[in-house]
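Comments concern the structure below.
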Amino acid sequence: MFAVMVLAAVLLALPSPVRSEEPPLRIDFPEFWPFFATRGDRVEGFFHDIVTEALARMGIRAAWAPFPWPRCQERVKTGQADAMITSPTPERLLYASTHADPFYEKKLQVFTYAGHPRLQQIKSIRSIDDIRRGGFVVVTYSGNGWNDTNIRSRGIKTYETPRLKNVWGMLANRRGDIVIEWPGGAWPDIVETGREKYIVQTNVTLQTMPFHLLIRNGSPYAARLPEFNRVILAMKRDGSLDRIVDKYIKQYQANPNLPPLSEPNERREHVLATLLAH
Numbered sequence: 035m036f037a038v039m040v041l042a043a044v045l046l047a048l049p050s051p052v053r054s055e056e057p058p059l060r061i062d063f064p065e066f067w068p069f070f071a072t073r074g075d076r077v078e079g080f081f082h083d084i085v086t087e088a089l090a091r092m093g094i095r096a097a098w099a100p101f102p103w104p105r106c107q108e109r110v111k112t113g114q115a116d117a118m119i120t121s122p123t124p125e126r127l128l129y130a131s132t133h134a135d136p137f138y139e140k141k142l143q144v145f146t147y148a149g150h151p152r153l154q155q156i157k158s159i160r161s162i163d164d165i166r167r168g169g170f171v172v173v174t175y176s177g178n179g180w181n182d183t184n185i186r187s188r189g190i191k192t193y194e195t196p197r198l199k200n201v202w203g204m205l206a207n208r209r210g211d212i213v214i215e216w217p218g219g220a221w222p223d224i225v226e227t228g229r230e231k232y233i234v235q236t237n238v239t240l241q242t243m244p245f246h247l248l249i250r251n252g253s254p255y256a257a258r259l260p261e262f263n264r265v266i267l268a269m270k271r272d273g274s275l276d277r278i279v280d281k282y283i284k285q286y287q288a289n290p291n292l293p294p295l296s297e298p299n300e301r302r303e304h305v306l307a308t309l310l311a312h
């Protein structure tokens with residue numbers, strides 16, 4: 035009897051051979067290529083790949099679910115999901131927490147046409163006021179709210195086309211001096227319209243929009259956001275982050291024979307605007 039009791043005590047002290055896994059971090063996202071999109075039973079896109087790799091380095095599994103953007107925010111707010119990817123705002127930070135350093139910054143950069151006689155002056159632009167003082171004409175598309183607020187409102191001459199994709203033909207044909215766009219969305223359209231030899235992307239950045247992982251307050255994963263930040267910084271240092279972005283974006287500049295992105299740019303820009311808005 036004594037031997038049986040000792041054996042039972044030893045067995046109870048041993049760890050259970052079956053250990054339940056921690057639940058995955060539930061991340062909701064809107065369909066927005068090339069940030070994230072469903073492809074059959076898989077999720078792709080460079081936001082998805084960056085966050086998935088960072089979480090994997092932390093030993094965290096992620097479960098991704100697509101929803102319309104307003105519903106993504108509501109589901110995080112009410113606890114139906116743990117996280118979303120967006121730009122932190124005071125309103126969002128009432129119910130979610132984030133990390134210090136953005137894992138991606140969407141830059142609005144200046145493009146011009148090849149052989150522009152004032153190319154060096156364009157490359158020296160540092161602000162929107164420099165565009166006005168230089169008398170440069172901006173080419174854009176109808177309904178571009180950012181242009182209306184930041185360019186047209188300052189008296190800068192602007193030519194419009196009904197479709198975003200057509201701005202590259204206008205610029206290549208020297209109908210204006212510059213286009214201000216996000217390179218990730220611009221280059222696929224430039225390639226698709228066959229204008230890659232006629233368009234020059236400068237290093238001039240006029241605005242930067244940061245993207246972060248936001249995790250609902252009360253989620254057990256919120257406490258690990260400082261660790262996530264450290265991993266993101268490590269990925270920047272070791273080149274992993276650039277490698278992932280290159281897979282989806284920069285390859286278009288190096289390989290003009292790639293097929294265009296499947297989602298129309300007008301749709302991408304509309305979803306991006308709602309993604310950044312409150």
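Residue 237 in the numbering used here is what sits at position 203 of the sequence shown, and the numbering runs on without skipping anything. Glycine included, C-beta positions come from ideal geometry on N, C-alpha and C. Predicted model, so just to flag it, every value in this text is computed and none were measured.
**OP:** Could you name the residues that DSSP lists as bridge partners for I156?
**Re:** According to DSSP, I156 shares a beta bridge with no other residue.
Cα-Cα, which of I119, G74 and S131 is closest to H82? It is I119.
ask   = Tell me which same chain residues have a C-beta within less than 8 Å of the C-beta of P58, skipping the five on either side of it?
value = Same-chain partners within the cutoff: I94, R95, A96 and A97.
**In chain order, each beta strand (DSSP E) run of at least 3 residues that lies wholly inside the stretch 71–99** = Note on the stretch 71–99: whole beta strand (DSSP E) runs with a minimum of 3 residues are 71–73 and 76–78, in chain order.
* **Through-space distance from L275 to I212, alpha-carbon basis** => Rounded to the nearest angstrom, the two C-alpha atoms are 29 Å apart.
**Request:** Quick one: using the 10 Å Cβ neighbour count with 16 as the cut-off for buried, is P68 buried or exposed?
**Result:** Label assigned to P68: buried.
(request) Please classify D163: does DSSP put it in a helix, a strand, or coil? (result) Three-state DSSP puts D163 in a helix.
(request) Rank I61, G189, I283 and R277 by C-alpha distance to the C-alpha of A130 and give the top, closest one. (result) Comparing Cα-Cα distances from A130 to each of I61, G189, I283 and R277, the minimum goes to I61.
Inset, instruction - Tell me, please, whether the CB atom of G74 is closer than 9 Å to any CB atom in chain D? - result: Here chain D cannot be found, since the structure has a single protein chain.
**Asked** From which residue to which residue does the alpha helix (DSSP H) around R105 run?
**Response** DSSP places R105 in the uninterrupted alpha helix (DSSP H) bounded by W103 to T112.
>> Beta-carbon within less than 7 Å of M243's beta-carbon, same chain only, minus the 5 sequence neighbours each way: which residues are those?
In response: Excluding the 5 residues flanking it on each side, M243 has same chain C-beta neighbours closer than 7 Å at S121, E139, K140 and L310, in chain order.
Bounding residues of the beta strand (DSSP E) (the contiguous stretch that carries K140)
DSSP places K140 inside the beta strand (DSSP E), whose first and last residues are Y138 to Y147.
- Query: Straight-line CA distance for A220 to G179?
  - Reply: A220 and G179 have their C-alpha atoms some 17 Å from each other.
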